[in-house]
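Comments concern the structure below.
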Amino acid sequence: MTLKPPPLRNDCFALPAGVHWTPVDEALALLRERLHPVTEVETVALQDALDRVLAEEVTARRSNPPLPNSAVDGYGFAGGLAEGEHFIPLMEGRAAAGLAFAGVVPQGQAIRILTGASLPDGVDTVILEEDVTTDGTAIACHGPLRQGANARKAGEDVSAGDVILMEGRRLTPADLALVSATGGDALEVRKPLRVGVLSTGDELVEAGDGAKPGQIFDANRPMLLAMAARMGYVPVDLGRVVDDRALLRARLDEAAHTVDVILTSGGASAGDEDHMSALLRESGAMQEWRIAIKPGRPLALGMWNGVPVFGLPGNPVAALVCSLVFARPAMDLLAGRGWSAPQGFQVPAGFSKRKKPGRREYLRARMRDGRVEVFRSEGSGRISGLSWAEGLVELGDGADDIRDGDSVTFFPYASFGV
Ligand code: AMP
Ligand code: MG
Numbered sequence: 000m001t002l003k004p005p006p007l008r009n010d011c012f013a014l015p016a017g018v019h020w021t022p023v024d025e026a027l028a029l030l031r032e033r034l035h036p037v038t039e040v041e042t043v044a045l046q047d048a049l050d051r052v053l054a055e056e057v058t059a060r061r062s063n064p065p066l067p068n069s070a071v072d073g074y075g076f077a078g079g080l081a082e083g084e085h086f087i088p089l090m091e092g093r094a095a096a097g098l099a100f101a102g103v104v105p106q107g108q109a110i111r112i113l114t115g116a117s118l119p120d121g122v123d124t125v126i127l128e129e130d131v132t133t134d135g136t137a138i139a140c141h142g143p144l145r146q147g148a149n150a151r152k153a154g155e156d157v158s159a160g161d162v163i164l165m166e167g168r169r170l171t172p173a174d175l176a177l178v179s180a181t182g183g184d185a186l187e188v189r190k191p192l193r194v195g196v197l198s199t200g201d202e203l204v205e206a207g208d209g210a211k212p213g214q215i216f217d218a219n220r221p222m223l224l225a226m227a228a229r230m231g232y233v234p235v236d237l238g239r240v241v242d243d244r245a246l247l248r249a250r251l252d253e254a255a256h257t258v259d260v261i262l263t264s265g266g267a268s269a270g271d272e273d274h275m276s277a278l279l280r281e282s283g284a285m286q287e288w289r290i291a292i293k294p295g296r297p298l299a300l301g302m303w304n305g306v307p308v309f310g311l312p313g314n315p316v317a318a319l320v321c322s323l324v325f326a327r328p329a330m331d332l333l334a335g336r337g338w339s340a341p342q343g344f345q346v347p348a349g350f351s352k353r354k355k356p357g358r359r360e361y362l363r364a365r366m367r368d369g370r371v372e373v374f375r376s377e378g379s380g381r382i383s384g385l386s387w388a389e390g391l392v393e394l395g396d397g398a399d400d401i402r403d404g405d406s407v408t409f410f411p412y413a414s415f416g417v
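Numbering that gives the first Met the number 0 numbers the first residue of the sequence shown as 0 and each following residue consecutively.
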């Protein structure tokens with residue numbers, strides 16, 4: 000009898016002795032160092048630039064406002080008013096937005112002025128119409144009013160030549176307002192990153208198809224495609240491949256021509272049917288990453304004909320967590336957005352948990368009544384918890400003993416762009 004049973008190891012998340020597990024921060028630093036923008040630059044009209052990534056620094060061509068103007072509807076004159084009653088003769092004519100008053104307003108006289116109108120010569124102060132009575136020839140009002148009240152200075156918002164937007168910025172509706180207001184029209188932006196998503200596994204069937212016992216519906220592909228879309232990228236459905244190395248190789252070959260980055264799920268460990276990691280290893284550019292993160296055991300990272308491939312774990316929870324933690328910043332870099340850490344918030348825990356040292360942990364979580372609560376199970380196949388959650392709680396690499404009310408770090412899904 001030469002067969003000897005191994006010692007019982009009931010804790011499937013125990014770190015194998017003697018193997019180096021890469022800390023999350025080290026893995027992120029490597030990605031940051033090795034990846035660069037891959038998307039092409041093109042010029043688009045302002046109205047087509049929403050959600051695009053800026054490939055240039057944008058400077059204001061014109062000041063905002065370009066000329067001093069009125070912030071309210073009222074009456075304009077020179078200088079402030081002392082405390083007490085005032086009677087000011089009213090000039091004929093008026094100044095309106097886009098219809099400047101061409102003349103000069105003499106000292107001691109007032110003119111009707113509307114919001115947005117350039118201040119006529121001789122006007123630096125405006126009184127609200129609600130604070131005035133008039134018979135059409137004079138206005139009566141009460142001081143005090145400070146000189147310059149209700150008037151906007153030229154360039155008080157932005158001066159011509161100011162940098163208004165940085166390269167790498169994903170353009171928001173407000174950004175388009177700013178560019179337009181300061182005289183911009185066309186912008187240099189990057190083409191959107193094309194993100195291919197592929198599922199692997201003999202057990203997978205398509206949502207909507209019939210499933211035999213033992214088969215499961217593909218959950219990762221719809222999730223990862225939707226995630227890419229939410230992040231502002233172009234999701235490219237690369238379909239599903241059974242656990243067959245030749246088929247998988249052919250699919251990757253094809254995909255490498257059409258997408259900028261590939262996210263696969265399943266088959267990333269070192270098992271018999273783990274063809275994803277085997278192929279990446281064969282291709283010579285494989286980084287087998289044993290990252291000290293939970294959930295998310297195997298993460299295979301490699302290049303396929305020059306295209307970065309993230310071989311994500313098959314478990315949907317691990318697939319999403321690894322995507323948000325590793326693929327998100329990596330895709331941002333590839334897309335020209337630069338590197339960014341997600342915005343986390345220190346919030347009181349609405350749970351207690353004892354954590355072992357060695358791995359950074361992410362718990363499915365959501366905010367309720369000012370506390371962050373976590374999903375009842377940490378099982379990495381529990382897809383319902385992903386959907387229940389509205390973000391993730393991050394627990395540091397070391398040991399921890401979290402009690403109700405302790406401060407923990409919460410990342411809303413929105414902090415990851417999803
Ligand atoms: P693997 O990484 O291929 O060993 O898969 C780990 C676990 O995730 C297995 O239980 C798989 O059945 C499951 N899995 C793999 N891919 C998917 C998928 N696309 N949707 C749902 N579950 C999956
Ligand atoms: Mg599999």
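The C-beta atom is built at its ideal place from N, Cα and C for all residues, glycine as well.
(request) Go through the region 170 to 213 residue by residue and report every complete run of the alpha helix (DSSP H) that reaches 4 residues or more, in order. (result) The qualifying runs are 172 to 180.
(message) Looking at the ligand AMP, does it come within less than 7 Å of Asp236, judged from the CB to the closest heavy atom?
(response) Distances between the C-beta of Asp236 and the heavy atoms of the ligand AMP are all 7 Å or more.
(request) Output the distance between the C-alpha atoms of Leu197 and Asn219, rounded to the nearest integer angstrom. (result) For Leu197 and Asn219, the distance between alpha carbons rounds to 9 Å.
(request) Decide if the region 45 to 58 is in contact with the region 310 to 330; the criterion is three or more beta carbon pairs, one per stretch, under 8 Å apart. (result) Touching, no.
(request) Compute the minimum distance between the beta carbon of Thr199 and the heavy atoms of the ligand MG, and state whether it is under 7 Å. (result) Checking the Cβ of Thr199 against the ligand MG gives yes.
(message) Between the alpha carbons of Thr58 and Val104, how many angstroms are there, rounded?
(response) Linking Thr58 to Val104 through their CA atoms gives a straight-line distance of about 35 Å.
(request) Let me know the beta strand (DSSP E) ranges lying completely inside the region 95 to 171, each 3 residues or longer, listed in chain order. (result) Along the region 95 to 171, the beta strand (DSSP E) occurs as fully enclosed runs of 3 or more residues at 109 to 112, 124 to 127, 131 to 133, 137 to 144, 162 to 164, listed in sequence order.
(message) Let me check one thing: in DSSP terms, what residues is Met302 bridge-paired to?
(response) BP columns for Met302 point to Pro307.
(request) Determine the closest residue to Glu187 out of Val40, Arg367, Ala388, with distance taken between C-alpha atoms. (result) Comparing Cα-Cα distances from Glu187 to each of Val40, Arg367, Ala388, the minimum goes to Val40.
(message) Counting C-beta neighbours from all protein chains within 10 Å, is the total for Asp400 16 or more, i.e. buried, or is it exposed?
(response) By the Cβ-count criterion, Asp400 is exposed, with fewer than 16 other Cβ atoms from all chains shown falling within 10 Å of its own Cβ.
(request) Would you kindly report the start and end of the unbroken beta strand (DSSP E) that includes Leu362? (result) Per DSSP, Leu362 belongs to the beta strand (DSSP E) from 359 to 367.
(message) So, does the region 105 to 123 touch the region 64 to 76, judging by three or more C-beta pairs under 8 Å?
(response) As far as the Cβ criterion goes, the region 105 to 123 touches the region 64 to 76, which means the pair count is three or higher.
(request) Could you tell me whether the Cβ atoms of Asp259 and Val324 are closer together than 8 Å? (result) Taking C-beta atoms as the reference points, Asp259 and Val324 fail to come closer than 8 Å.
(request) Reducing DSSP to helix, strand and coil, say where Val240 ends up. (result) Here Val240 carries a strand assignment [DSSP, helix/strand/coil].
(request) Could you tell me if the beta carbon of Glu187 falls within a distance shorter than 7 Å of some heavy atom in the ligand MG? (result) It does not: the Cβ of Glu187 is nowhere closer than 7 Å to a heavy atom of the ligand MG.
(request) List the endpoints of the continuous alpha helix (DSSP H) containing Ala317. (result) Ala317 -> alpha helix (DSSP H) spans 315 to 321.
(message) Contact between the region 337 to 357 and the region 259 to 277 is defined here as three or more beta-carbon pairs at a separation below 8 Å; is this criterion met?
(response) Under the Cβ criterion (8 Å, minimum of three pairs), the region 337 to 357 does not count as touching the region 259 to 277.
(request) Label Met326 either buried or exposed according to how many other C-beta atoms from any shown protein chain fall within 10 Å of its C-beta, with 16 as the threshold for buried. (result) The sequence shown places Ala at residue 326, not Met. Burial check for Ala326: the Cβ neighbour count within 10 Å reaches 16 or more, so the residue is buried.
(request) Would you tell me roughly how many angstroms separate the C-alpha atoms of Gln108 and Ala176, rounded to the nearest one? (result) Whole-angstrom Cα-Cα distance: 36 Å.
(request) With a cut-off of 8 Å on the beta carbons, I'd call Arg358 and Phe374 a contact; round off their distance for me. (result) Their Cβ separation, rounded to whole angstroms, is 18 Å, which puts Arg358 and Phe374 out of contact at 8 Å.
(message) Here's the rule I'm using: 16 or more other beta-carbon atoms within 10 Å means buried, otherwise exposed. How should Gly209 be labelled?
(response) Counting Cβ neighbours within 10 Å, Gly209 comes out exposed, since fewer than 16 surround it.
(message) Using 8 Å for Cβ pairs, my map puts Thr261 next to Gly195. What's the rounded Cβ distance?
(response) According to the sequence displayed, residue 261 carries Ile and not Thr. Gly195 and Ile261 do touch by the CB rule: their CB atoms are close to 4 Å apart, below 8 Å.
(request) Can you check DSSP and say which residues form a bridge with Ile292? (result) DSSP lists Arg359 as partners of Ile292.
(request) Quick one: grab the DSSP three-state call for Val23. (result) Reduced to three states, the DSSP call for Val23 is helix.
(message) Distance check for Glu55 and Pro297, CA to CA, integer angstroms please.
(response) Going by the C-alpha atoms only, they are around 38 Å apart.
(request) Report the option in Ser376, Pro172, Leu66 whose CA atom is closest to the CA atom of Ala96. (result) The residue with the shortest Cα to Cα distance from Ala96 is Leu66.
(message) the ligand MG and Gly313: does the residue's C-beta get closer than 7 Å to at least one heavy atom of that ligand?
(response) Yes; taking the cut-off as 7 Å, the Cβ of Gly313 has a heavy atom of the ligand MG nearer than that.
(message) Give me, in chain order, the residues of the same chain whose beta-carbon lies closer than 8 Å to that of Asn9; leave out the 5 immediate sequence neighbours on both sides.
(response) Because the pLDDT at Asn9 is just 49, under 50, the model does not fix this residue reliably, and the point stays unresolved.
(request) Check whether the Cβ of Gly295 sits closer than 7 Å to any heavy atom of the ligand AMP, and report yes or no. (result) Result no, Cβ not under 7 Å from the ligand AMP.
(message) Less than 8 Å between the C-beta atoms of Thr38 and Leu192, yes or no?
(response) Yes, the pair counts as a contact, with Cβ atoms nearer than the cut-off.
(request) Could you name the residues of the same chain whose beta carbon sits closer than 8 Å to that of Leu14, not counting the 5 residues immediately before and after it, in chain order? (result) The predicted position of Leu14 is uncertain, since its pLDDT is 44 and thus under 50; no value can be drawn from it.
(request) Could you tell me if the beta carbon of His242 falls within a distance shorter than 7 Å of some heavy atom in the ligand MG? (result) As written in the sequence, residue 242 is Asp, which differs from the His given in the question. Yes, since a heavy atom of the ligand MG falls inside the 7 Å radius drawn around the Cβ of Asp242.
(request) Evaluate Ser276 with the Cβ neighbour count: other Cβ atoms within 10 Å of its Cβ, from every protein chain shown; 16 or more gives buried, anything less gives exposed. (result) That one is buried.
(message) For Pro5, list the residues DSSP reports as bridge partners.
(response) Its beta-bridge partners do not exist; DSSP assigns none.
(request) Return yes when the Cβ of Leu394 is within less than 8 Å of the Cβ of Glu372, no when it is not. (result) Not in contact: Glu372 and Leu394 (Cβ atoms no closer than 8 Å).
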